[in-house]
Structures are given as structure tokens and as C-alpha cells.
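Peer 1: Chains as they are written, first to last, in numbering that gives the first Met the number 0: chain U, 0 to 469; chain F, 0 to 94. From the three backbone atoms N, C-alpha and C, an ideal C-beta is built for every residue, glycine too.
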Amino acid sequence: MMTEMDKSIEELLLAKDRRRDLRLQKLEKGCITLSFNLNIPGLPKSNDSFHTFFSVCLKELKNYLLAHRIVINGDTIHCETDAAGDFFLAEVIDSDYTAIQIKNLCETFETSHPVGRLLDVDVVDEKGEPVSSGKAKLCFFCNNAPAIYCMRKQAHDYAAMRMKVELEISKYQESKKKEYVCKQLAMLATQSLLHEVALAPKPGLVDRFDEGSHTDMDFSTFLNSTAALSVSFRKIADFGYSFSGDDIKEALPKLRLIGLEIESDMFAETNGVNTHKGAIFLLGFSIFVSAYLLSRELFTNEKFISVIQDMNGDLVARELGKKLYIGKETHGEECYRKFGNKGKGIRGEIQAGMPCVFQKALPVLHQSLDKEEILNDRLLNKGLTQALLAIISENDDSNILYRKGEEVLQELKDKASTCLLKSKNKEFESVYNDLIAFCKEKRISPGGSADLLAVSYFMYSVNRQLVSND
Amino acid sequence: MTPKFKAQAGTFESSDIMVLIEPVAEGSGRQVDISSTVMLQFEEDLKTCINQVLDVMEIENVHLIAKDKGALTPTIKARVETAVKRSLGIQEGTL
Chain U
0 MMTEMDKSIE ELLLAKDRRR DLRLQKLEKG CITLSFNLNI PGLPKSNDSF HTFFSVCLKE
60 LKNYLLAHRI VINGDTIHCE TDAAGDFFLA EVIDSDYTAI QIKNLCETFE TSHPVGRLLD
120 VDVVDEKGEP VSSGKAKLCF FCNNAPAIYC MRKQAHDYAA MRMKVELEIS KYQESKKKEY
180 VCKQLAMLAT QSLLHEVALA PKPGLVDRFD EGSHTDMDFS TFLNSTAALS VSFRKIADFG
240 YSFSGDDIKE ALPKLRLIGL EIESDMFAET NGVNTHKGAI FLLGFSIFVS AYLLSRELFT
300 NEKFISVIQD MNGDLVAREL GKKLYIGKET HGEECYRKFG NKGKGIRGEI QAGMPCVFQK
360 ALPVLHQSLD KEEILNDRLL NKGLTQALLA IISENDDSNI LYRKGEEVLQ ELKDKASTCL
420 LKSKNKEFES VYNDLIAFCK EKRISPGGSA DLLAVSYFMY SVNRQLVSND
Chain F
0 MTPKFKAQAG TFESSDIMVL IEPVAEGSGR QVDISSTVML QFEEDLKTCI NQVLDVMEIE
60 NVHLIAKDKG ALTPTIKARV ETAVKRSLGI QEGTL
């Protein structure tokens with residue numbers, strides 16, 4: 000009677016026979032063949048995690064080959080998972096390389112890969128001879144003796160070896176996930192700034208056609224400023240993703256430092272005009288906290304709000320109640336002194352967990368955009384306009400308060416509320432134009448609300464693209 | 000028993016072994032040739048393992064050539080067994 004082990008080995012050997020037959024078929028055409036599989040000790044040779052890892056590495060290998068102009072014939076690709084594990088086999092189309100040169104390049108691919116020791120790229124020449132570099136690979140497990148030596152001697156326990164393989168694979172997948180999440184966060188933050196400034200028409204704000212109430216900046220100033228910010232968003236995302244301190248407040252000094260750097264980059268690009276100071280502050284925190292929570296797979300809006308609040312604590316009292324700089328009072332400080340709670344500005348908003356974003360703008364964005372698969376300009380224009388109005392109707396923008404006083408701010412908020420009420424109404428265009436004319440006439444620019452709109456769209460995108468809904 | 004046909008089993012895939020069998024005249028004994036792409040120090044292990052299979056199958060007169068690509072003992076035994084059966088004409092397969 001055949002034991003389980005014998006049966007597994009028989010299946011394994013049959014799978015290898017089939018691989019040989021496939022290679023022989025390709026050989027009849029007289030071409031070099033290239034195969035790729037994983038080195039997995041013990042059985043089974045594949046499972047979900049190995050298979051996913053294999054697919055990721057195969058994609059990397061294909062790009063590597065393409066980059067080196069080693070062309071594989073797409074029509075001849077054989078890729079399957081059998082008893083011998085995951086396997087890829089293809090013909091190399093007539094290239095400038097000899098089989099040995101291809102083998103050497105593939106070895107470079109293996110050795111420069113973070114978990115290359117688990118990857119096995121084999122090259123068989125036109126005559127059917129496997130090409131060998133003659134180098135003996137070291138054992139993956141002990142990294143001490145040649146692999147073949149440990150294999151023959153059965154030097155290591157299979158369970159321990161497989162555990163190490165699984166650990167290395169999960170470490171690698173984790174690093175890929177980090178790369179993906181941080182890249183996405185930086186990209187989404189940049190997108191949110193671009194969509195905010197492109198949105199038109201807007202009351203008092205710079206848009207793609209109009210400078211609103213501004214004379215010192217226009218659309219191009221915002222594009223330049225956005226470009227300056229975009230290159231550093233990744234740094235914040237990486238910092239948040241990797242942050243491992245016990246107290247998240249420990250991240251503040253470094254986060255501020257990055258923020259100050261970005262501010263300098265912004266001013267350098269805008270010739271000293273403040274386009275995005277508020278956005279840097281809000282998006283900086285939002286990227287950091289999103290990355291921090293996504294890395295721990297803990298992201299929810301509620302969790303986000305509570306971490307933002309933990310980080311900032313009593314920010315208003317701490318930073319507006321006393322002087323940070325010796326010298327002239329800042330606008331924010333003056334506003335807080337004059338208007339008290341109403342004048343808490345952006346610090347008040349963040350200390351309260353960004354209610355304008357989560358309670359006002361996000362529900363609007365979900366309602367208008369969730370059902371749409373592709374968010375084109377028309378859809379975004381509609382959704383973002385609604386969200387902006389929801390924010391303006393609620394936000395005590397300290398910039399407007401400081402420059403125009405309480406009455407004008409209240410009038411602006413009321414007008415925005417009216418627009419919002421009539422948003423599905425024929426009258427919308429006329430009341431919205433009225434709001435735009437009001438801002439232009441009084442030279443009001445709800446810049447704080449524009450920053451909150453960018454953050455709202457960022458948070459919407461994070462939820463939409465990076466958070467799984469199960 | 001004495002092999003009657005040329006036969007082979009196995010592949011050049013890694014962790015496998017290619018076993019070739021050539022019939023020889025009655026009474027010429029066993030000749031086992033090994034070419035390992037890996038390490039010579041395992042040649043004796045490999046020979047012992049192959050000879051064990053040949054003993055069990057009572058094959059005395061044979062020329063066996065093994066090209067090893069790092070196969071483990073169960074694989075070596077299975078490949079030798081298949082090659083021998085093919086050379087005796089009792090199992091279908093290559094050659």
C-alpha cells in the first residue's frame with residue numbers, strides 16, 4: 000500500500016515530468032526557455048500565501064526581463080500551480096543575449112531581490128541543457144553551509160524551515176504593502192489639492208478660471224504650490240506608517256519639522272504667498288494618522304478622529320492662549336483674543352476632531368460619489384461644490400473673522416446654507432451666483448474652508464480606496 | 000532480472016535526478032556512474048541509495064547513469080525504480 004508520503008512524492012515527480020515535457024515541446028522550436036518557481040522546503044509546495052508571493056515576484060521578474068530587453072513570447076507562456084508548486088515557463092524570443100548571459104542576469108535578479116533566496120529562475124539553452132553559473136547557493140535557513148549540503152544531510156527541521164520561509168514572505172509582503180499605502184496616501188493628498196483648486200466656480204476662491212477675491216495669486220500659483228507640497232507628502236506617510244513610539248504625541252516635533260520644511264518649499268514656489276499653510280497643517284496630520292492606522296489595520300473614521308484628538312490635546316489653549324514667538328501677535332492669536340471660542344480657527348477644528356470634515360463634508364461626498372465608479376470632472380464638480388457649501392455653512396473661518404468681522408462671517412454662512420438647501424433645486428444656480436458675487440464684492444476668501452474641502456476629499460478617497468469594507 | 004531496453008526516468012528540473020539505464024550482457028555486473036551538478040561529496044550516498052533499489056529489485060547486470068540536480072532520497076529511489084521498470088518493459092514511459 001502506498002503511504003501518504005509516497006503518494007505526495009509521486010504527484011510531485013509527475014508534476015516535474017510534465018514540466019520537462021513542456022520544456023521539450025518548446026525545445027523542438029530550438030529556443031531558449033526560461034522558468035520561474037519558488038524554493039519551498041517540504042509540502043505542500045504551494046498555498047495561498049506562496050501563490051500570492053509568487054505572482055508578485057513573477058510580475059517583478061517580467062518587468063526586469065523587459066527592462067533588460069530579454070523578450071519572452073507572450074503566446075507561449077505556461078503558468079500554473081501543481082503538486083510541485085507555482086510554475087512559470089516561457090520561450091525567450093531571439094535576443095542579443097546568449098543563454099549564459101540571460102542566466103547571469105537572472106541571477107542578478109535573484110541576488111538583488113530582498114527574498115531572492117526563495118526565487119529560482121532557470122534557463123535552458125537551445126540544446127536543452129540547463130545553464131548553470133556553477134555557484135553553490137548557501138542554505139536559506141542557516142546561511143552557513145551550501146544549500147545542497149543541508150538538503151542532503153536533512154540538516155534542518157522542515158517545520159522550522161517553513162516557518163522561516165513564511166516569515167520572510169510575510170515581511171516582504173508587509174514591505175510591499177507599506178510601499179503601496181504610502182505611495183497612495185501621498186498621491187491622494189496631491190489629488191485632493193488639485194481637485195480643490197480646479198473646482199469652479201467657487202465663491203471668492205482661486206479656481207481654474209478665476210482668481211476670486213485674490214490679487215496676489217492665481218491658478219498657476221496653486222499648481223506650483225501643490226507641486227512643492229506633493230514631493231514631501233510621501234515623507235509624512237512613511238513616518239506615520241513606521242511610527243512605533245508608545246505615545247503618538249512623541250511624533251509631533253518631527254511632524255512639525257517636516258511641516259515647516261514644506262512651508263518653506265511652498266513659499267519658495269509662490270514667491271512668498273501663503274497658498275497652502277492651512278492645508279499643510281490639516282493634510283499633514285491627516286496623512287500621518289491615516290498611515291499610522293492603516294499600517295496597523297485599524298483605520299476607521301472614528302479611530303482617526305480619536306487619534307487626531309489624542310495627538311493635539313488642548314491645542315487651542317496651548318498655542319493660541321500663550322505666545323509661541325516673541326514679537327508681533329499673529330492673526331490667529333489676535334482672532335482668538337478678540338473672538339474667544341469663535342476665533343479658534345484651524346486649531347479649534349482639529350482639536351474638535353475636524354467636525355466640518357466628518358460631520359458636514361463627508362456625508363455629502365458619500366451621497367454624491369459613492370455610487371459612481373469613475374469620478375470624472377462633472378461628478379467631482381457637483382460633489383465638491385456641495386461639500387464646500389456644507390463646510391462654509393458651518394466653519395468659523397478665522398481668516399474671514401479676522402479680516403471682515405462676525406457679521407460678514409455669519410452672512411456668508413447663511414448664504415452657503417441657502418445654497419445647500421436649494422442644491423437640488425432650479426434656483427441653485429442663481430443663489431450660488433449670488434454667493435459668488437457677494438464674496439467678490441466684499442473681497443471675502445473662504446480659504447480655511449477650501450483647505451477643509453481638500454482634507455475632506457482626501458479622507459473620502461482614503462475610505463474609498465484604501466479601507467476594505469468588510 | 001536483467002534490463003532489456005534502454006530507459007530513463009526523471010528530469011533536469013532542480014531537486015530532481017535523471018536516471019538512464021543501458022542494458023548490458025548477462026554476467027557483466029553493475030556499473031553505476033554519477034554526475035552530480037552539485038557536490039561530489041554526496042556521490043557515495045547517492046551510489047548507496049541507488050544500489051539499495053537495485054538490490055531490492057534484484058538487478059545485477061546493468062549500466063546506470065545518474066545526473067543529479069539535488070534530489071532527495073525518496074525522489075532518487077522513485078526515479079531509479081521507474082527507470083528499471085521501464086528497462087524491463089513492465090512500465091510504460093520514455094524510451
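Please list the partners that F:Glu80 has in chain U, where partner means a Cβ-to-Cβ separation under 8 angstroms.
Peer 2: Simply none; closest approach about 11 angstroms.
Peer 1: Measuring only the C-alpha atoms, how far is F:Cys48 from F:Gln7?
Peer 2: If you take the alpha carbons of F:Cys48 and F:Gln7, they lie about 17 angstroms apart.
Peer 1: Considering only residues of the same chain and omitting the five flanking positions on each side of U:Phe331, which have a CB-CB separation below 7 angstroms?
Peer 2: At residue 331 of chain U the sequence reads Gly, which differs from the Phe that was named. Leu319, Gly344, Ser397, listed in sequence order.
Peer 1: Whose Cβ in chain F lies nearer than 7 angstroms to the Cβ of U:Met150?
Peer 2: Within 7 angstroms Cβ-Cβ: Gly69, Leu71.
Peer 1: For the beta strand (DSSP E) containing F:Gln30, name the first residue and the last one.
Peer 2: Run containing F:Gln30: 29-35, per the beta strand (DSSP E) assignment.
Peer 1: Any idea what DSSP makes of U:Leu12, helix, strand or coil?
Peer 2: Helix.
Peer 1: I'd like the list of long-range same chain contacts for F:Glu43, defined as Cβ closer than 6 angstroms, with 5 residues on each side in sequence excluded.
Peer 2: None.
Peer 1: Go ahead and pull the three-state DSSP assignment for U:Met310.
Peer 2: Helix at U:Met310.
Peer 1: Could you confirm whether any beta carbon from chain U is found closer than 7 angstroms to the beta carbon of F:Ala77?
Peer 2: Yes, contact with chain U.
Peer 1: Three or more beta-carbon pairs under 8 angstroms between the stretch 271-280 of chain U and the stretch 210-226 of chain U, yes or no?
Peer 2: Yes: at least three Cβ pairs fall under 8 angstroms.
Peer 1: Across the stretch 2-15 of chain U and the stretch 46-60 of chain U, are there enough close Cβ pairs to call them in contact, namely three or more that are closer than 8 angstroms?
Peer 2: Taking 8 angstroms as the limit for Cβ pairs, the verdict is that the stretch 46-60 of chain U does not touch the stretch 2-15 of chain U.
Peer 1: In terms of DSSP beta bridges, what is U:Phe35 paired with?
Peer 2: According to DSSP, U:Phe35 bridges with U:Phe87, U:Val120.
Peer 1: With distances taken Cα to Cα, identify the nearest neighbour of F:Glu57 among F:Val83, F:Ile33, F:Thr10, F:Lys68.
Peer 2: That would be F:Val83, whose Cα lies nearest to the Cα of F:Glu57.
Peer 1: By Cβ distance below 8 angstroms, which residues in the same chain neighbour F:Gln90 in space, the five residues on each side in sequence not counted?
Peer 2: Thr81, Lys84.
Peer 1: Shorter than 7 angstroms from the beta carbon of F:Asp15 to some beta carbon of chain U?
Peer 2: Closer than 7 angstroms to some Cβ of chain U, the Cβ of F:Asp15 qualifies, so yes.
Peer 1: Using a beta-carbon distance cut-off of less than 7 angstroms, what residues from the stretch 39-66 of chain F approach chain U?
Peer 2: So the close ones are Phe41, Asp44.
Peer 1: Can a CB atom of chain F be found closer than 7 angstroms to the CB of U:Ile8?
Peer 2: True, the Cβ-Cβ gap to chain F drops below 7 angstroms.
Peer 1: In the DSSP output, which residue or residues are listed as bridge partners for F:Asp95?
Peer 2: What is shown of chain F runs 0 to 94, which leaves residue 95 of chain F out entirely.
Peer 1: Any idea if F:Lys76 is buried or exposed, counting beta-carbon neighbours within 10 angstroms, 16 or more meaning buried?
Peer 2: By the 10 Å Cβ count, F:Lys76 comes out buried.
Peer 1: When the cut-off is 7 angstroms and only beta carbons count, does U:Lys25 lie next to chain F?
Peer 2: Closer than 7 angstroms: no.
Peer 1: Within its chain, find whatever has a CB closer than 7 angstroms to the CB of U:Asn103; leave out the 5 residues flanking it on each side and keep chain order.
Peer 2: Ser132, listed in sequence order.
Peer 1: Given that F:Glu12 touches chain U, what residues does it touch there, using C-beta distances under 7 angstroms?
Peer 2: Going along chain U in sequence order, the residues near F:Glu12 (Cβ under 7 angstroms) are Lys15, Arg18, Arg19.
Peer 1: Please determine if the stretch 350-363 of chain U and the stretch 436-453 of chain U are in contact, where contact requires at least 3 C-beta pairs separated by less than 8 angstroms.
Peer 2: These segments touch.
Peer 1: Just to confirm before moving on: does the CB-CB distance between U:Leu293 and U:Val164 stay below 7 angstroms?
Peer 2: Going by C-beta atoms, U:Leu293 is not nearer than 7 angstroms to U:Val164.
Peer 1: For U:Met0, name the three-state secondary structure that DSSP assigns.
Peer 2: Unreliable positioning characterises U:Met0 in this predicted model, as indicated by a pLDDT of 49, which lies under 50. The coordinate reading is nonetheless provided below. DSSP places U:Met0 in coil when its eight states are reduced to three.
Peer 1: Which runs of the alpha helix (DSSP H), 4 residues or longer, sit entirely within the stretch 340-427 of chain U?
Peer 2: Those alpha helix (DSSP H) runs which fall completely within the stretch 340-427 of chain U and span 4+ residues are 344-350, 361-368, 376-391, 397-420.
Peer 1: Are U:Gly447 and U:Gly239 closer than 7 angstroms when you measure CB to CB?
Peer 2: In this structure, U:Gly239 does not lie closer than 7 angstroms to U:Gly447 by Cβ.
Peer 1: So, with DSSP's three-state summary, where would you put U:Pro113?
Peer 2: Correct three-state label for U:Pro113: coil.
Peer 1: Please classify U:Tyr157 as buried or exposed, where buried requires at least 16 neighbouring CB atoms within 10 angstroms.
Peer 2: Exposed, by the Cβ-count rule.
Peer 1: Is the CB-CB distance between U:Gln350 and U:Asn311 below 7 angstroms?
Peer 2: A contact, by the Cβ cut-off of 7 angstroms.
Peer 1: If you measure from the beta carbon of U:Pro129 to each beta carbon in chain F, is any gap under 7 angstroms?
Peer 2: Yes - at least one Cβ of chain F is within 7 angstroms of the one on U:Pro129.
Peer 1: Keeping to the same chain, check which residues put their C-beta closer than 7 angstroms to that of U:Ala290; ignore five residues upstream and five downstream.
Peer 2: Val180, Cys181, Leu184, Ala236, Gly239, Tyr240, listed in sequence order.
Peer 1: Is any beta-carbon of chain F found at less than 7 angstroms from that of U:Leu137?
Peer 2: No, its Cβ sits nowhere closer than 7 angstroms to a Cβ of chain F.
Peer 1: Taking U:Asp450 as part of the alpha helix (DSSP H), name the residues at either end of that continuous run.
Peer 2: 446-464 is the span of the alpha helix (DSSP H), which, as asked, contains U:Asp450.
Peer 1: With a threshold of 16 other CB atoms inside 10 Å of the CB of U:Phe86, please say whether the residue is buried or exposed.
Peer 2: U:Phe86 is buried by the Cβ-count criterion.
Peer 1: To which residues does DSSP link F:Ala8 through a beta bridge?
Peer 2: Paired residue(s): F:Val18.
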